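Structure first, then comments.
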Amino acid sequence: GESVGLHLPTLSVQEGDNSIINCAYSNSASDYFIWYKQESGKGPQFIIDIRSNMDKRQGQRVTVLLNKTVKHLSLQIAATQPGDSAVYFCAETSSQGAQKLVFGQGTRLTINP
Amino acid sequence: DTGVSQNPRHKITKRGQNVTFRCDPISEHNRLYWYRQTLGQGPEFLTYFQNEAQLEKSRLLSDRFSAERPKGSFSTLEIQRTEQGDSAMYLCASSYPGQIPSNYGYTFGSGTRLTVV
């Protein structure tokens, strides 16, 4: 079936730099997208979300961009910190019905001191 | 209420044995979801409940898997005759019905890691 995928499995950045994590989705029926952070031994933790009627949304140090034309999603983390080290997943769903999430493979973000 | 609670955190079992996991959702949430996550992959949807009704099951949920939510509160996921391929993290999440998976909605537990030897 259709699923969400990620372009890069790993990403290393210097502490203080900005990080960009990319994601491609394929289900045109999805109208809601979420980025999750997952640390070792823990469940996914919500970071930021965006509806399909938006193309950008900002949070604290994070920004999500949505390009529906090419079905692409990105997460930008500003001034990365050691605590940002984790695996990041994008997920898609429909805001109606079961709201089951379809996750991508994940990108491991490593922060170098 | 401190969030979604899952027990046990870890389970090691021999192939062919049955195992049961428990999920206690956030008390006000009447939707409960089960996902499975293998190493290096994103979680995959297994099934979900609204109150005590199991409304959808994934094709991943073979006949060896059964989930229940008898009183619309906690849920159990049982795997019969475990196989090595069942080794994974089993995640539970809960939400309000119709509540989009936002910071105040859909919440995941820490999961139960199953190892079948």
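Just so you know, the protein sequences line up as chains A and B, in that order.
First residue of the first sequence: 4, per the working numbering; consecutive thereafter.
First residue of the second sequence: 736, per the working numbering; consecutive thereafter.
Just so it is clear, CB atoms sit at the ideal spot from N, CA and C, and this is done for glycine as well.
Given the structure is predicted, the values throughout are model-derived calculations rather than measurements.
| query | result |
| --- | --- |
| Supposed contact pair H745(B) and R848(B) - C-beta distance, whole angstroms, cut 8 Å | 5 Å |
| Chain-ordered neighbours of L104(A) on chain B, where CB pairs are closer than 9 Å | Y768, Y770, G777, P778, F780, A828, P836, Y841 |
| Sub-8 Å separation of R771(B) and V852(B) beta-carbons | no |
| Q61(A) (DSSP reduced to helix, strand or coil) | strand |
| In chain order, each beta strand (DSSP E) run of at least 3 residues that lies wholly inside the stretch 23-52 of chain A | 35-41 |
| Paired residues, beta bridge with Q17(A) - DSSP | N115(A) |
| The stretch 60-72 of chain A contacting the stretch 99-106 of chain A, beta-carbon criterion three pairs below 8 Å | no |
| C-beta neighbour in chain B for Q108(A), strict 8 Å | yes |
| Contacts of E791(B) in chain A (Cβ-Cβ under 8 Å) | A101, K103 |
| Chain A contact for G820(B) (CB, 8 Å cutoff) | no |
| Opening and closing residue of the beta strand (DSSP E) in which I814(B) lies | 810-814 |
| Euclidean distance between Cα positions of P85(A) and Y28(A) | 28 Å |
| Own chain, CB closer than 7 Å to V743(B), minus 5 neighbours either side, in chain order | Note that residue 743(B) corresponds to Pro in the displayed sequence, not to Val. For P743(B), where only same-chain residues beyond five positions count, the Cβ hits under 7 Å are T847. |
| Candidates E779(B), Q815(B), A788(B), D798(B): closest to P805(B) by CA position | A788(B) |
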